[in-house]
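Okay, here's the thing in structure tokens:
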């Protein structure tokens, strides 16, 4: 099966899953964005990220962009998916803090450990896989790298970065919001912390390896993180923002859709102009290239999130598949790279039509196992198919 046919089948299946059981939202329903809806959207985006990372993997193994044709379009939208994860995380934290005066008590187990436990499970999976690979092919890690990798300071797989950064943000939130009395003050402080993390990422450069690195090396560490305080701001001003969306629904829908298309065009141009890895290409002022990319991508992410919020103000998801995928979204993001690389032989033998489904199925299966292990460690009762979102 060709890349073109696979592309259209993928689009059709993704679209069908997204609209399955979608309903018109009653005009009186307020608010229209909550944790359950957020998790359903994250479940869809986690599935999308698997396809996106498949394209990234194909590109890494030097499958020609032209040969992939339409399928290569999935390459450009990973940042939008990740930006929504940060946005919904920031939203959920402030929303709960504003409605539960004891929210920061027990926060370590409720939020930080739910990321920390699967992070280390996945980290040791990647570390074991890398060490076995080195034994088989004669590679090696330094002693320092092995020790740092054991504690998660050296990432044997770069895709683990999201869990690290969201844990940093959770810890910062716990410290800040356990002390402030006003959400506004807390959001301002958290925005400052995010700007510091962006500055670190801008100056950290890149790892020598395309697969593994120490923290903060690479554009992905900072080019979506501003959506975290934006989500906090939305939670703080939710009623006012929702009122504007409802009042000017058509205008906001059309303008945000047009801007998403425009910024997609701009974003593709920036990638072609090598705003990623600029120091690698010998850019005279790499930091300026990175800032140019960050500025445009931030606008792109904002208009995308506005479009999503506008759509869900009129349409309601009630999808058991997306609820299930939403539960394992973090584990899916962390594990899909392992499946992409270790199953690449299926592409070389049978092509994309076998490789992509195998990656999707194996990633979801592995993520489900890690999710159940996490719940066992944390003594949580949430199961894969019980319908609850925790």
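Numbering (this note's numbering), first residue to last: 84 to 473. The beta-carbon is built from N, C-alpha and C at its ideal position, and this holds for glycine as well.
Around the C-beta of residue i, are 16 or more other C-beta atoms found within 10 angstroms, so that it is buried, or is it exposed?
i: residue 389; result: buried
i: residue 116; result: buried
i: residue 406; result: buried
i: residue 462; result: exposed
i: residue 297; result: exposed
i: residue 223; result: exposed
i: residue 232; result: buried
i: residue 373; result: buried
i: residue 230; result: exposed
i: residue 122; result: buried
i: residue 330; result: exposed
Under 7 Å, do residue i and residue j count as touching if we go by C-beta distance?
i: residue 200; j: residue 460; result: yes
i: residue 386; j: residue 375; result: no
i: residue 422; j: residue 451; result: no
i: residue 404; j: residue 454; result: no
i: residue 98; j: residue 408; result: no
i: residue 89; j: residue 436; result: yes
i: residue 310; j: residue 384; result: yes
i: residue 170; j: residue 314; result: yes
i: residue 165; j: residue 307; result: yes
i: residue 273; j: residue 259; result: yes
i: residue 344; j: residue 335; result: no
i: residue 85; j: residue 134; result: no
i: residue 346; j: residue 205; result: no
i: residue 105; j: residue 398; result: yes
i: residue 176; j: residue 256; result: yes
i: residue 109; j: residue 321; result: no
i: residue 419; j: residue 136; result: yes
i: residue 261; j: residue 182; result: no
i: residue 249; j: residue 198; result: yes
i: residue 167; j: residue 128; result: yes
i: residue 305; j: residue 281; result: yes
With residue i as the anchor, note down where its alpha helix (DSSP H) starts and where it stops.
i: residue 407; result: 403-410
i: residue 93; result: 86-102
i: residue 181; result: 161-182
i: residue 365; result: Counting along the chain, residue 365 falls outside any alpha helix (DSSP H), and DSSP gives it neither H nor E.
i: residue 440; result: 435-461
i: residue 348; result: 332-355
Sort out for me which residues DSSP pairs residue i with in a bridge.
i: residue 130; result: None, per the DSSP bridge assignment.
i: residue 107; result: 398
Inset, instruction - Ignoring anything shorter than 4 residues or poking outside the segment 260-328, list the alpha helix (DSSP H) runs there in chain order. - result: With a minimum length of 4 residues, the unbroken runs of alpha helix (DSSP H) contained wholly in the segment 260-328 fall at 266-287 and 310-319.
Legend entry - Start-end ranges of the alpha helix (DSSP H) lying completely within the segment 230-260, minimum 4 residues: Whole alpha helix (DSSP H) segments, 4+ residues: 244-260.
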